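Peer 1: In the working numbering, the protein residues as written are 151 to 266. All C-beta atoms in this analysis are idealised placements derived from N, C-alpha and C, irrespective of residue type, glycine included. Predicted, not measured: the structure shown is a model, and the values here were computed from it.
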């Protein structure tokens with residue numbers, strides 16, 4: 151079975167949890183040597199569980215840049231900017247779209263006043 155380190159890639163990229171191709175190329179030593187995921191229990195498949203509570207990870211905390219189970223979320227992250235994992239990528243995509251639109255508007259303004 152392939153082992154999936156969920157938070158390692160979230161902490162590294164700030165967005166991607168893991169891709170299938172990356173999972174297939176990863177070896178066991180790389181996973182076991184990771185110090186970036188102290189609260190993650192490595193499991194096969196895409197359902198990662200919290201090491202402390204053995205519950206499925208359901209939230210992303212943007213403040214701490216961690217994946218959380220329901221217990222961890224309620225215990226110490228309720229005042230943080232957290233999203234359900236399912237909604238996290240939608241939120242990030244919306245933010246990225248707004249940034250791209252801002253860049254387009256700025257480019258158009260510069261072109262309108264003669265800068266290239």
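Thinking C-alpha only, which one of 233, 198, 202 is nearest residue 145?
Peer 2: The first residue shown for the chain is 151 and the last is 266, placing residue 145 beyond what the model contains.
Peer 1: Mapping DSSP to helix, strand and coil, what is residue 218?
Peer 2: strand
Peer 1: Grab me the residues of residue 205's own chain with a C-beta within less than 7 Å of its C-beta, minus the 5 sequence neighbours each way, in chain order.
Peer 2: 199, 219, 220, 221
Peer 1: The alpha helix (DSSP H) spanning residue 261 covers which residue range?
Peer 2: 235-262
Peer 1: Report the rounded CA-to-CA distance for residue 209 versus residue 263, giving the unit in angstroms.
Peer 2: 46 Å
Peer 1: In terms of residues, what are the limits of the beta strand (DSSP E) holding residue 210?
Peer 2: 209-211
Peer 1: Does the Cβ of residue 247 have 16 or more other Cβ atoms within 10 Å, making it buried, or fewer, making it exposed?
Peer 2: exposed
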